[in-house]
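Taken in order, these protein sequences are the chains called X and S.
In terms of the numbering used here, the first sequence opens at residue 1 and continues consecutively.
In terms of the numbering used here, the second sequence opens at residue 1 and continues consecutively.
Built from N, CA and C at the ideal position, the CB exists for glycine as well.
Predicted model, so just to flag it, every value in this text is computed and none were measured.
Written below as structure tokens is the structure these notes are about.
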Amino acid sequence: MEIIVLSGKGGTGKTSISAAFATLNQNIVIDDCDVDASNLHLIMQPENYIEEPFVAGKKALVNNDLCTLCGTCIEYCRFDAISIVDDKLKISATACDGCKLCVRVCPENAISMFENNLSRCYVANVRNGTMVHARLSPGEDNSGKLVALVKKKAREIAKDKNISTILVDGPPGIGCPVIASISGADKIVLVTEPTISGISDLQRIIKLLKNFKGQKYIIVNKADINESYTLDIEKLANEENIVFLGKIPYNKIFTDAMVNCQSVTEFEPKNEISELIKKFWKEIIENKI
Amino acid sequence: MKLAVASGKGGTGKTFVSTNLFYVAQKIGHKTCLVDCDAEEPNVLGFLKGNENYKIPAVQKIPVFDKEKCTFCKKCSEYCEYNAIFILPMVQFIQVTPELCHNCGACLYACDFDAITETEIAIGEITSVQYSENAEIIESKMNIGIERAGEIIKLAQKKVTNNTELVIYDSPPGTSCPFIATVENADIVLMVAEPTPFGLNDLKLSVEVLKQIGKPIYAIINKHGMGNDEVEKFLNSENIEIVAKIPFDLEIAKTYSTGKILSQENSKFFDIFNDVIEKLNTKAQRH
Chain X
1 MEIIVLSGKG GTGKTSISAA FATLNQNIVI DDCDVDASNL HLIMQPENYI
51 EEPFVAGKKA LVNNDLCTLC GTCIEYCRFD AISIVDDKLK ISATACDGCK
101 LCVRVCPENA ISMFENNLSR CYVANVRNGT MVHARLSPGE DNSGKLVALV
151 KKKAREIAKD KNISTILVDG PPGIGCPVIA SISGADKIVL VTEPTISGIS
201 DLQRIIKLLK NFKGQKYIIV NKADINESYT LDIEKLANEE NIVFLGKIPY
251 NKIFTDAMVN CQSVTEFEPK NEISELIKKF WKEIIENKI
Chain S
1 MKLAVASGKG GTGKTFVSTN LFYVAQKIGH KTCLVDCDAE EPNVLGFLKG
51 NENYKIPAVQ KIPVFDKEKC TFCKKCSEYC EYNAIFILPM VQFIQVTPEL
101 CHNCGACLYA CDFDAITETE IAIGEITSVQ YSENAEIIES KMNIGIERAG
151 EIIKLAQKKV TNNTELVIYD SPPGTSCPFI ATVENADIVL MVAEPTPFGL
201 NDLKLSVEVL KQIGKPIYAI INKHGMGNDE VEKFLNSENI EIVAKIPFDL
251 EIAKTYSTGK ILSQENSKFF DIFNDVIEKL NTKAQRH
């Protein structure tokens with residue numbers, strides 16, 4: 001069974017709760033699909049045993065010895081990536097989209113493409129199973145593709161090691177990486193917060209998930225910040241056929257556990273927060289698909 | 001000055017900082033514009049209301065194939081680095097997948113038969129709201145399922161009027177394309193950091209990128225008092241000036257949760273944000 005934790009809005013506690021869920025299990029595959037600025041590894045402390053480069057795309061590179069500064073490439077580039085600085089052609093690696101048009105139009109063959117292979121996909125041992133995670137090189141595009149790779153590897157490992165549960169820590173937002181991360185999931189858990197921004201982002205992600213066939217759940221974290229909005233979220237969940245798992249009050253245990261490199265449920269198993277999380281996980285796992 | 005308010009980690013308080021800076025700046029008389037560059041999940045208009053100036057579709061171009069002229073030679077598809085053109089010569093079928101098209105123009109260049117023209121499709125929406133006489137908000141919002149957030153962000157940034165004194169870009173989280181697209185045009189980047197291990201991790205990644213693209217960096221520590229002092233140590237070691245420390249306070253969170261602007265409610269915070277604007281204005285002149 002593949003369970004993914006998403007949020008829409010960043011900072012709601014998605015990764016902390018994913019880590020807590022993960023560490024309630026003895027033998028699990030953890031899939032960190034938040035490939036752009038991921039955090040789960042700070043708690044799970046993976047020991048990587050496979051590292052694979054991932055080609056996120058290509059960038060254009062100019063050979064200044066061949067370049068005559070004719071400016072044809074600048075005319076054709078739609079990404080404002082090319083300019084002349086100090087009498088030399090300069091291609092911005094961050095602005096370059098990798099379309100290769102400059103290479104094709106250059107009359108001197110002065111431009112070539114090089115592969116951007118600084119991104120990485122890792123398979124690692126963690127204290128209670130195996131973790132697949134990745135690092136998208138800063139500034140890169142194509143995070144959806146890297147997410148798809150992480151998902152594929154996690155499934156292969158679960159199959160090889162005969163592990164029945166995959167827990168996916170999803171990316172924030174509603175873009176391509178999120179879409180890639182939910183593909184094939186059996187259940188989705190949304191972690192939200194009772195704020196104007198939290199509700200607005202929740203509505204956007206619910207829209208995105210309209211066609212998702214599996215069961216969806218909602219947890220309201222930091223619920224006591226605004227009890228009235230928490231009620232609104234519960235109403236929204238009922239309208240949208242999403243199981244309202246419950247509320248977690250604001251508690252500094254989230255930060256304290258993080259500082260200690262532990263999940264909340266490892267840090268203080270008897271705490272009210274840990275009890276709530278255990279209850280939620282039990283309901284998610286036992287609820288028939 | 002064009003100021004990008006960014007973070008790396010989500011939920012550190014970017015929108016909190018940018019909406020408050022905007023409120024204070026326009027109150028003290030600066031011609032100000034706040035651009036919500038979090039096209040995936042824009043939130044600014046939840047906090048700041050006004051009359052709508054315009055709402056326009058954010059468009060990108062995609063190719064259109066003239067089947068009468070097309071010889072199905074496949075050159076356009078070979079030139080496309082994004083696998084966006086699907087072609088089956090045997091059945092005379094050719095089509096672009098709009099979600100994959102990056103609008104680069106390579107297919108047009110490739111075609112030797114004049115068979116390709118372009119049309120526009122909507123990938124999102126740009127809304128302009130007038131908050132006060134000298135203050136405007138521009139929101140970029142991406143259609144659900146689209147990949148090209150960066151494109152929409154740049155379009156929104158282009159709509160800012162030329163004589164605006166202070167332009168604030170409320171950035172998206174992360175360090176990938178949408179973040180880069182937002183900060184590329186900025187003079188200064190103000191990082192909003194939360195003093196936790198997750199906050200530190202993402203802050204380091206963002207600082208690495210910003211150093212690569214050569215942007216001056218300043219920082220605000222938000223929710224100061226939660227977590228530990230590793231973020232402050234890191235910023236000091238990188239010689240990144242901390243222009244304000246906003247204390248962790250559940251009351252601030254509760255006020256913010258309802259969409260209120262803290263510096264409008266509380267003069268102490270008005271002064272804090274005023275101070276930040278003055279500091280950054282001085283720095284901007286130096287860079």
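- Take the alpha-carbon of X/Thr195 and the one of X/Lys247: they are about 14 angstroms apart.
- Counting along the chain, the unbroken beta strand (DSSP E) around S/Phe86 starts and ends at 85-88.
- Judged by beta-carbon spacing, X/Val126 lies beyond the 8 angstroms limit of X/Ala60, meaning their Cβ atoms are not closer than that value.
- Neighbours of X/Cys99 in chain S, taken as residues at a C-beta separation under 7 angstroms, are given in chain order as Glu81, His102, Cys104, Ala106.
- Chain S places a beta carbon closer than 8 angstroms to that of X/Gly10, counting this residue as a contact.
- Boundaries for X/Phe212: no beta strand (DSSP E) harbours it, and the DSSP string shows neither H nor E there.
- When C-beta distances to chain S are compared with 8 angstroms, the residues of the segment 144-165 of chain X below that value are Gly144, in chain order.
- The residue from S/Arg148, S/Thr71, S/Arg286, S/Leu262 with its alpha-carbon nearest to that of S/Leu21 is S/Leu262.
- The residue among S/Ile123, S/Pro89, S/Ile116, S/Ile62 with its C-alpha nearest the C-alpha of S/Thr97 is S/Ile62.
- Around the CB of X/Asn226, 16 or more other CB atoms lie within 10 Å, so the residue is classed as buried.
- Rounded to whole angstroms, X/Ile4 and X/Met113 show a C-alpha spacing of 37 angstroms.
- Taking C-beta separations shorter than 7 angstroms and ignoring five residues to either side along the sequence, the partners of S/Ile152 in its chain run Ala39, Ala58, Ile123, Gly124, Ser140, Met142, following chain order.
- The beta carbon of S/Glu99 lies closer than 8 angstroms to those of Gly145, Ile146, Glu147 in the same chain, with the five residues before and after it left out.
- Here X/Glu268 has Ile253, Ser274 as same chain residues with Cβ atoms under 7 angstroms from its own Cβ, once five neighbours each way along the sequence are excluded.
- Within its own chain, the residues whose Cβ lies closer than 6 angstroms to the Cβ of S/Ile272, once the five positions on either side in sequence are excluded, are Ala244, listed in chain order.
- Bridge pairing for X/Asp31: X/Val132, X/Val168 [DSSP].
- Residues of the segment 191-218 of chain S whose Cβ lies closer than 7 angstroms to any Cβ of chain X, in chain order: Thr196, Pro197, Phe198, Asn201, Asp202, Leu205, Glu208, Val209, Ile213.
- Residue range 57-62 is occupied by the beta strand (DSSP E) that includes X/Gly57.
- Only residues of its own chain outside the window of five on either side were considered, and among them Leu262 have a CB closer than 7 angstroms to the CB of S/Ile252, listed in chain order.
- Distance from the Cα of X/Thr192 is smallest, within the candidate group X/Lys216, X/Phe212, X/Asn25, for X/Lys216.
- Annotation: the continuous beta strand (DSSP E) that includes S/Asn53 extends over 51-65.
- With a contact defined as Cβ atoms closer than 8 angstroms, X/Thr94 and S/Ile188 miss out at about 17 angstroms.
- Comparing alpha-carbon positions, the option among S/Thr182, S/Gly50, S/Leu203 lying closest to S/Val129 turns out to be S/Gly50.
- Neighbours of S/Ile121 in chain X, taken as residues at a C-beta separation under 8 angstroms, are lacking, since the least C-beta distance is about 16 angstroms.
- Setting aside the 5 residues that flank it on each side, S/Tyr54 is surrounded in the same chain by Ser128, each with a C-beta closer than 7 angstroms to its C-beta; the list follows chain order.
- Taking the beta carbon of X/Met131 as reference, no residue of chain S falls within 9 angstroms; the closest one sits roughly 16 angstroms away.
- Taking 8 angstroms as the CB threshold, X/Lys252 lines the interface with chain S.
- Not flagged as an interface residue toward chain S: X/Leu61, since no C-beta distance is shorter than 8 angstroms.
- Per DSSP, the beta bridge partners of S/His224 are S/Met226, S/Pro247.
- Proximity of X/Met258 to chain S, defined by a Cβ-Cβ separation below 8 angstroms, is satisfied.
- Less than 8 angstroms divides the Cβ of X/Gly11 from the Cβ of S/Gly10.
- Under the DSSP assignment, S/Lys75 falls in the alpha helix (DSSP H) whose first and last residues are 75-79.
- For the pair X/Cys106 and S/Leu108, the Cα-to-Cα distance works out to about 16 angstroms.
- In this structure the segment 33-40 of chain X does not touch the segment 84-92 of chain X; the number of beta carbon pairs closer than 8 angstroms is below three.
- Bounds of the alpha helix (DSSP H) holding S/Lys279 are 267-286.
- For the segment 173-184 of chain X, residues whose beta-carbon sits nearer than 8 angstroms to a beta-carbon of chain S comprise Gly173, Ile174, Gly175, Cys176, Ile179.
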